[in-house]
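One rule links them: number in my numbering = place in the sequence shown (from 1) + 8.
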Amino acid sequence: MSYRIPLSFPVFEGNEKTYTEKAIASGNLATYGAFINKFEHKLSKKTKTHQAVAINSGTSALHLAMILLGIGPGDEVICQSFTFCASANPIVYLGAKPIFVDSETDTWNISPEILEDAILSRIAAGKKPKAIVLVHLFGMPAKINEILNVANKYHIPILEDAAEAVGSQYQGNACGTFGTIGIYSFNGNKIITSGGGGAIVSNNTKIIQKAAHLSTQAREDLPYYQHLEIGFNYKMNNLAAAIGLAQLEQLDDLVSKRRKINNIYRELFSKVPGISFQDEDKLSRSNYWLTTIIIDEETTGLKNDRIRLLLLEKGIETRFLWKPLHLQPIFKDVPFYGGDFAQNMFETGLCLPSSSNLTFDQQEEIVELIEREISKTYR
Ligand SMILES: *Cc1c(COP(=O)(O)O)cnc(C)c1O
Numbered sequence: 009m010s011y012r013i014p015l016s017f018p019v020f021e022g023n024e025k026t027y028t029e030k031a032i033a034s035g036n037l038a039t040y041g042a043f044i045n046k047f048e049h050k051l052s053k054k055t056k057t058h059q060a061v062a063i064n065s066g067t068s069a070l071h072l073a074m075i076l077l078g079i080g081p082g083d084e085v086i087c088q089s090f091t092f093c094a095s096a097n098p099i100v101y102l103g104a105k106p107i108f109v110d111s112e113t114d115t116w117n118i119s120p121e122i123l124e125d126a127i128l129s130r131i132a133a134g135k136k137p138k139a140i141v142l143v144h145l146f147g148m149p150a151k152i153n154e155i156l157n158v159a160n161k162y163h164i165p166i167l168e169d170a171a172e173a174v175g176s177q178y179q180g181n182a183c184g185t186f187g188t189i190g191i192y193s194f195n196g197n198k199i200i201t202s203g204g205g206g207a208i209v210s211n212n213t214k215i216i217q218k219a220a221h222l223s224t225q226a227r228e229d230l231p232y233y234q235h236l237e238i239g240f241n242y243k244m245n246n247l248a249a250a251i252g253l254a255q256l257e258q259l260d261d262l263v264s265k266r267r268k269i270n271n272i273y274r275e276l277f278s279k280v281p282g283i284s285f286q287d288e289d290k291l292s293r294s295n296y297w298l299t300t301i302i303i304d305e306e307t308t309g310l311k312n313d314r315i316r317l318l319l320l321e322k323g324i325e326t327r328f329l330w331k332p333l334h335l336q337p338i339f340k341d342v343p344f345y346g347g348d349f350a351q352n353m354f355e356t357g358l359c360l361p362s363s364s365n366l367t368f369d370q371q372e373e374i375v376e377l378i379e380r381e382i383s384k385t386y387r
């Protein structure tokens with residue numbers, strides 16, 4: 009289905025064409041090639057990490073990262089509940105058990121207090137969690153300092169799922185670089201895309217070398233094929249890296265455009281009662297990949313789905329916020345710590361069109377449609 013105003017559409021206004029033509033001319037389209045190296049180098053420079061490994065998706069990056077953290081059968085892994093299923097699925101791939109934790113009300117990311125309660129409860133039950141999956145939802149940095157304090161207190165490593173937070177910062181440093189390992193996604197509708205793709209970043213050289221090795225079938229450096237471990241075909245290909253590099257060159261510009269879009273929505277909604285936003289912590293700078301609103305039903309008389317359908321009629325794409333994982337039928341038996349915060353956000357929130365090329369007029373149209381509907385139910 010194509011929309012007149014899509015939720016998040018990629019723009020290719022840089023070197024995408026030039027680089028892909030070069031990649032094709034080089035004949036290297038698979039998992040070795042100049043663009044992969046350039047992409048990894050540029051990403052590690054941008055994130056000020058020791059090294060980055062380009063991976064074929066955010067999900068495979070999470071899977072590899074969990075292997076690198078030594079997660080295996082029977083282990084328990086704490087994961088933010090308010091997220092996309094790919095944050096938790098790799099826990100299950102490895103025969104480990106997810107433990108879901110609710111979010112706090114400011115950034116909508118994992119609550120440091122509930123996190124500590126969950127850790128203490130699991131330790132009391134006889135098993136210390138093996139890792140914590142921290143998400144920066146819709147690009148909004150979590151309360152990283154508070155979460156690091158808890159993780160360090162119990163010596164539990166953090167895996168940062170920064171899939172949505174490419175270009176987001178906390179205390180001036182890139183999201184994805186605070187945990188033991190961080191991952192990014194460059195899937196089609198993320199803030200920058202390589203078609204499909206992901207990356208692993210870490211300041212631990214051993215982790216990075218192992219990630220590179222395992223992602224290319226764990227092939228030993230010998231003239232014949234020799235393997236000491238089970239590997240994966242998880243490396244990014246050179247054609248994707250060509251697009252990814254061109255997109256990465258425009259990241260700063262794309263972040264400032266999405267931030268501006270968020271700002272305009274805030275201004276346009278400022279006189280509309282019952283609409284609120286996801287807010288930055290004073291230390292954080294979101295990439296505002298998606299602008300999301302919460303619609304207070306008591307004030308507006310409207311449910312989020314009513315607004316979704318109203319905009320859909322006009323060819324405007326919006327989306328529900330992620331349905332929390334503890335409410336997913338597939339995870340119904342997974343332990344959950346927290347209350348109804350994430351559930352409330354899911355039931356009242358909506359992601360608004362946030363493409364970097366969204367125009368002011370389009371934003372005005374969207375806000376006016378919502379405002380008019382609210383004033384109708386008022387009367
Ligand atoms: C998109 C996304 C992923 C998965 O990335 P893919 O590249 O689509 O595999 C993981 N976690 C979160 C929070 C995401 O939004």
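Using N, Cα and C, we set each Cβ at its ideal position, and we do this for glycine too. Computed from a predicted structure; not experimentally measured.
1. Nearest to asparagine 270 by CA position, among Pro281, Glu288, Leu256, is which residue?
2. Would you say alanine 220 faces chain B, with C-beta separation under 7 Å as the test?
3. Over what stretch of residues does the alpha helix (DSSP H) that includes isoleucine 251 continue unbroken?
4. Among Thr367, Leu123, Lys218, which has the Cα closest to the Cα of proline 14?
5. Is it the case that the CB of serine 16 approaches a heavy atom of ligand 1 more closely than 6 Å?
6. With a 10 Å radius around its C-beta and 16 neighbouring C-beta atoms as the bar for buried, classify alanine 248 as buried or exposed.
7. Please return the same chain residues whose Cβ sits closer than 6 Å to the Cβ of alanine 159, not counting the five positions on each side in sequence.
8. Once you ignore the five residues that flank serine 284 on each side, which residues in its own chain have a CB closer than 6 Å to its CB?
9. What is the C-beta distance between isoleucine 152 and asparagine 295, in whole angstroms, given that I count them as a contact (C-beta under 8 Å)?
10. Does the separation of the CB atoms of leucine 102 and glycine 80 fall below 7 Å?
11. Using CA atoms only, rank isn't needed, just tell me which of Glu305, Ala170, Asp313 is closest to threonine 67.
12. Taking 6 Å as the cut-off, is the C-beta of alanine 94 nearer than that to any heavy atom in ligand 1?
13. I'd like to confirm something about serine 119: is its beta-carbon nearer than 6 Å to some heavy atom of ligand 1, or not?
14. Return yes when the Cβ of proline 281 is within less than 7 Å of the Cβ of threonine 307, no when it is not.
15. So, at 8 Å on beta carbons, what are the nonlocal neighbours of isoleucine 75 in its own chain, with the 5 sequence-adjacent residues on each side left out?
16. May I ask you to list the residues that DSSP assigns as paired with cysteine 87?
17. By the three-class DSSP mapping on this structure, what secondary structure does valine 209 have?
18. Kindly indicate which three-state DSSP category glutamine 286 falls into: helix, strand or coil?
19. Kindly examine ligand 2 and report whether one of its heavy atoms sits closer than 6 Å to the Cβ of asparagine 157.
20. State the DSSP-derived secondary structure class of tyrosine 273, mapped to helix, strand or coil.
21. Tell me whether asparagine 195 counts as near ligand 1, meaning its Cβ is closer than 6 Å to at least one heavy atom of that ligand.
22. On the criterion of 16 or more Cβ atoms from any shown chain inside 10 Å, does proline 106 qualify as buried, or is it exposed?
23. Expressed to the nearest angstrom, what Euclidean distance is found between the alpha-carbon atoms of alanine 94 and phenylalanine 194?
Checking against the coordinates, here is how it stands:
1. Glu288
2. Going by chain labels, chain B is absent from the structure shown, which holds only one protein chain.
3. Here the alpha helix (DSSP H) through isoleucine 251 covers 246 to 256.
4. Thr367
5. In this structure, serine 16 has its CB at a distance of at least 6 Å from all heavy atoms of ligand 1.
6. buried
7. Contacts found: Ile140, Ile166.
8. Exclusion of the five residues before and after serine 284 leaves Ile302 as the residues of its chain whose Cβ lies within less than 6 Å of its Cβ.
9. Not quite, the Cβ-Cβ distance comes to about 15 Å (not below 8 Å), so this is no contact.
10. yes
11. Ala170
12. yes
13. no
14. yes
15. Leu102, Leu222
16. Beta-bridge annotation (DSSP): cysteine 87 is paired with Phe108, Val141.
17. DSSP places valine 209 in strand when its eight states are reduced to three.
18. coil
19. Of the ligands one can find in the structure shown, namely ligand 1, none is ligand 2.
20. helix
21. yes
22. buried
23. 14 Å
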